[in-house]
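Quick mapping for you: the protein sequence lines, in order, are chains A and B. For the first sequence, my numbering assigns the number 1 to the initial residue and increments by one for each residue that follows. For the second sequence, my numbering assigns the number 1001 to the initial residue and increments by one for each residue that follows. The beta carbon of each residue, even a glycine, is placed where N, CA and C say it ideally should be.
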Amino acid sequence: MPPAKLLGAQYQSNGFYDEMLAAPAQPRPAYRRLYDRLNELGTDELAHRHDLAMRMFRNHGITFAVYPDEQGIEKVFPFDLIPRVIAARTWKRLEAGLKQRVHALNLFLEDVYGPKRILRQGVVPAEIVLSSSLYLREVDGLPAPHGVRCHIAGIDLVRDHKGEFLVLEDNLRTPSGVSYVLANREVMKRVLPSLFGGYPVRPVEGYCHQLLDNLRWLAPKDVDDPTVVLLTPGINNSAYFEHLFLAKQMGIELVEGTDLLVDGDRVFMRTTKGLRRVHVIYRRVDDEWVDPVFGRPDSLVGVPGLVHAYVAGGVTIANGLGTGVADDKAVYALIPKIIRYYLDEEPILPNVPTYLCSLEADRKYVLEHLERLVVKAVAGSGGYGMMIGPEASAAERERFRKRIEAEPRAFIAQPVVALSVQPVFDDGRLRPCHQDLRPFVLTGKEVSVTPGGLTRVALKSGSLIVNSSQGGGSRDTWVLAGSHDEDSDTA
Amino acid sequence: MARLLDVHLDLALDRSDDPGTGFWTEVMLLAGWTATDVDRREQAIELLVGGAAGPSVQRAVGAARTAAQAVRPSLPSELYEHVNALHWRVQEGGWERDLHGYLMGIEMGVHLVDGLVEDTMLRDEAREFIRLGKFLERMDNVVTLVAGKAATLKDDLEAALEWTAVLKCAFAFETYRARFSTPVAAEPVTRYLLFDPALPRSAAFCADLALLSVRRIDGERVRSRPGRVLTRLSGLLRDPAAAAAGLGALEALAAEYRELVAQLAAALRSSYFQPGKVAATVPGDPTSRAPQQ
């Protein structure tokens, strides 16, 4: 008996833009072969492969912890076997847009921590930028090595009801998720190698090589063989697996705050053989926790005196301190202007329309239309501190109304984007789930984008929240190489 | 632990008489349970496989995984993944259907860990710390087993079976047979397991290898406190007079051994596991890259 068809007419995209199917049983060109192969495999075989994949994730210790879980139980990041396919032509435009955006953001950071031309000329309101809780006066006037402050960026993209890619938010502090990009590919290659046949999928392994090259490039010129370390908050951090993974892939030491000490302007790593000078720190600790002398005095994960050494030029920290000002969600709304100002180009990738609650007219609109909007805290992340108007209760909307009125600068609002969907294999059947894409952009001598990125999937039925901390999962993301007969992912 | 249980399950069936109510109690004591009134086979199996209140197979593998997590940056990915997979396999259970298969799976899993350490790790401090821990634990297990059995076994017809089991617990039965033509008995087995420097499971061999690891960690010119205590331990287990003294002197030897092991534990803690004590003026060694953990 042939295997049961997976994607028959019973699958419905519920009116959302479906990245895989233009209509029931009609795959888009880039998905045709994949569609056929999935149907050939059938539900039982896919269920078996899914079990294998999850076992592989578990055994390899590819897990994360969710903070509200006081038991600290590690969880396997839910994974969907059906890859997302991005045609070469589509990727080319995305890549250009991402490079443009991150390049402009680095110029912006160098400016706002330097001469502040963009603020003096009134291109963007100085009060929005300088009032950001993520703007660090301590690094104002401090030159960045090679003029680069944001070395690693994760830019969140979504596709709307027409399939157009929009930037949803920028992550310029300590963006996470790249380890899952690499792990997902590894697992896919082992569990479903047959799916790759005929698809020129671009590899993702180059990420760690590029990152290490960039980090070494940041070391002082007179150091031939710099010591680069990755600073982690420790084993209880939700992204610890990623810290460990990246450190091992790059062959650098994974250190905690207690492994480092500052002597004068220099930073040292304690080793069993004594102290070893550290030149570059890839930190996965947020600004406020990185140094108890500078930020939160109760920080146990930081290094006392580290900011002093950084300001004195004794060590390079990547990402640089203070990069968060450029991913403040209020500053996000200004990025099209920022791109035009520094690059004299039109943004390739549009933003989601955004209302700044600090502006009176915007605030009035937001308060009158709370039931239609998504309200986000400007410094929030991880899907926390936000309200999705159409899903919120009247009491929740009222709570947000009061918060916005009390602290308008702290909130922005956006219309609900009808995020695109793609089938997820779940419990022997396929159902549509919303997804986003977080490509990772590295800045060294040049700006580079790893092909693909982390596709995060909102696995809860009907949910728009893709964050792993709130029930999201992920899938492999295939960027196709060159010109291909299926080089289109639209109908 | 898995080997101890597996061998004693066999032994209980090999004896011509009923092993008696004390048999499983003694096995529990050998496994490290300090106070137990267990005297039934099923009870002992359940506790030794999955007991939470004392040493058990599942707890031991869980502890190994926790330790591996703590030093995961220093371990090859394949090694960590194997320990992790072993942990999940052990926690899933399934021993009720095939206890011997379950225990053998663990024993072979542990051998694979050993192989991965030897075949994939750099010859550096991380490997030496793993070896130090391995040989100290093995030494202690052997001394506990031999001293415990010697204190309880009577010189009766079934004693040969019991001492055969002791050898099997230490994976030493076949080498004993190949090496000695004498019957399996308390005196030669004790001498073999404690003092023979050629047997990789003997206490003397383990003490020598642990000392070697300490010397490699310390470097050529340093004589640390752990090194000094281990030198005395190694001397005790290489003393021809002690080896010749026989079972009568075993109790005194075990007491001296315990005293030295206590000193060693304190020395290891103070020498290697207090990174705050590293002086800021110690010059860095350009060849060393391992951070203290």
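In angstroms with no decimal places, state the Cα-to-Cα distance between residue i and residue j.
i, j, result
"A:Trp-217", "A:Pro-145", "9 Å"
"A:Gln-71", "A:Asn-236", "Per-residue confidence for A:Gln-71 stands at a pLDDT of 45, beneath the threshold of 50, marking its modelled position as unreliable; the derived number appears in the next sentence. Looking at the two C-alpha atoms, the distance is approximately 11 Å."
"B:Glu-1187", "B:Glu-1026", "20 Å"
"B:Leu-1253", "B:Asp-1006", "28 Å"
"B:Glu-1081", "A:Met-386", "37 Å"
"A:Arg-33", "A:Asp-160", "25 Å"
"B:Leu-1132", "B:Leu-1264", "12 Å"
"B:Ala-1262", "B:Leu-1116", "30 Å"
"A:Pro-347", "A:Pro-336", "6 Å"
"A:Ile-118", "B:Asn-1084", "53 Å"
"A:Asn-14", "A:Ser-448", "36 Å"
"A:Thr-323", "A:Ser-420", "30 Å"
"B:Ala-1159", "B:His-1111", "29 Å"
"B:Glu-1092", "A:Gly-197", "36 Å"
"A:Leu-94", "A:Leu-454", "14 Å"
"A:Arg-372", "A:Ala-23", "28 Å"
"B:Ala-1064", "B:Thr-1231", "27 Å"
"A:Arg-37", "A:Glu-45", "11 Å"
"A:Ser-194", "B:Ala-1052", "45 Å"
"B:Tyr-1169", "B:Leu-1193", "The question names Tyr, but residue 1169 of chain B in the sequence shown is Cys. Going from the Cα of B:Cys-1169 to the Cα of B:Leu-1193 covers about 11 Å."
"B:Pro-1076", "A:Gly-251", "11 Å"
"B:Pro-1183", "B:Leu-1211", "33 Å"
Given residue i, which residues of its chain have a CB within under 8 Å of its CB, disregarding the five upstream and five downstream residues?
i, result
"A:Asp-156", "Val-167, Leu-168, Glu-169, Asp-170, Asn-171, Asp-436, Leu-437, Arg-438"
"B:Ala-1198", "Phe-1205"
"B:Arg-1089", "Gly-1105, Gly-1109"
"B:Glu-1107", "Ala-1002, Arg-1003, Asp-1006"
"B:Glu-1078", "Leu-1116, Thr-1120"
"A:Pro-390", "Glu-371, Arg-372, Val-416"
"A:Phe-241", "Gly-61, Ile-62, Thr-63, Phe-64, Ser-179"
Just checking my contact of residue i with residue j at CB under 8 Å: how many whole Å lie between their CB atoms?
i, j, result
"A:Thr-316", "A:Ala-219", "7 Å"
"A:Phe-411", "A:Leu-81", "So it is not a contact: roughly 38 Å between Cβ atoms."
"A:Val-311", "A:Val-301", "20 Å between Cβ atoms; not a contact."
"A:Arg-185", "A:Asp-476", "6 Å"
"A:Val-229", "A:Val-255", "5 Å"
"B:Leu-1250", "B:Thr-1175", "Actually they are not in contact, since the Cβ atoms of B:Leu-1250 and B:Thr-1175 sit about 21 Å apart, beyond 8 Å."
"A:Phe-268", "A:Val-278", "6 Å"
"A:Thr-450", "A:Val-85", "The Cβ separation is near 16 Å, so there is no contact."
Which residues does DSSP pair with residue i in a beta bridge?
i, result
"A:Met-386", "A:Lys-376"
"A:Ser-508", "Residue 508 of chain A lies beyond the residue range present for chain A, which begins at 1 and ends at 491; the question has no answer from this structure."
"A:Leu-442", "A:Ile-152, A:Ser-448"
"A:Asn-351", "A:Val-167"
"A:His-434", "A:Val-421"
"A:Phe-411", "A:Ala-377"
"A:Asp-426", "A:Arg-429"
"B:Val-1222", "Beta-bridge pairing links B:Val-1222 to no other residue."
"A:Ala-318", "A:Tyr-282"
"A:Gln-26", "A:Ala-23"
"A:Glu-499", "As displayed, chain A neither begins before 1 nor continues past 491, which places residue 499 of chain A out of reach and without an answer."
In its own chain, which residues sit with a C-beta less than 6 Å from the C-beta of residue i, not counting the 5 before and 5 after it?
i, result
"B:Ala-1207", "Met-1139, Leu-1233, Ser-1234, Leu-1237"
"A:Lys-221", "none"
"A:Pro-292", "Ser-299, Gly-302, Pro-304"
"A:Asp-69", "Note on A:Asp-69: pLDDT 45, under 50, position unreliable in the model; the coordinate value appears next. So the list is empty, once near-sequence residues are dropped."
"B:Arg-1072", "Tyr-1080"
"A:Gly-320", "Ala-144, Arg-149"
"B:Glu-1162", "Leu-1153"
"A:Thr-174", "Arg-284"
"A:Tyr-342", "Ala-104, Leu-107"
"A:Gly-274", "none"
"A:Ile-388", "Val-374"
"A:Leu-334", "Val-124"
Can you find the residues in the same chain that come closer than 7 Å, C-beta to C-beta, to residue i, ignoring five residues on each side of it along the sequence?
i, result
"A:Gly-472", "Arg-456, Val-457, Ala-458, Leu-459, Ile-465, Val-466"
"A:Asp-213", "Gly-444"
"B:Ala-1031", "Met-1001, Leu-1004, Leu-1048, Pro-1055"
"B:Arg-1229", "The question names Arg, yet the displayed sequence has Val at residue 1229 of chain B. These residues qualify, in order along the chain: Leu-1260, Gln-1263, Leu-1264, Ala-1267."
"A:Ala-247", "Leu-230, Glu-253, Leu-254"
**Message:** Check whether the segment 50-57 of chain A and the segment 124-133 of chain A touch, using three or more Cβ-Cβ pairs below 8 Å as the test.
**Reply:** no
**Item:** Stretch-stretch touch, CB-based, cutoff 8 Å, three pairs: the segment 199-215 of chain A with the segment 256-273 of chain A
**Value:** Taking a cut-off of 8 Å for Cβ pairs, the segment 199-215 of chain A and the segment 256-273 of chain A do not touch, as fewer than three such pairs fall below it.
**Message:** I'd like to know if the segment 96-111 of chain A and the segment 1118-1129 of chain B are in contact, where contact means that at least 3 CB-CB pairs between them fall below 8 Å.
**Reply:** no
**Segment contact flag, the segment 133-153 of chain A with the segment 321-330 of chain A, C-beta cutoff 8 Å, min 3 pairs** = yes
**Asked** Do the segment 105-116 of chain A and the segment 353-373 of chain A touch if we need at least three Cβ pairs shorter than 8 Å?
**Response** no
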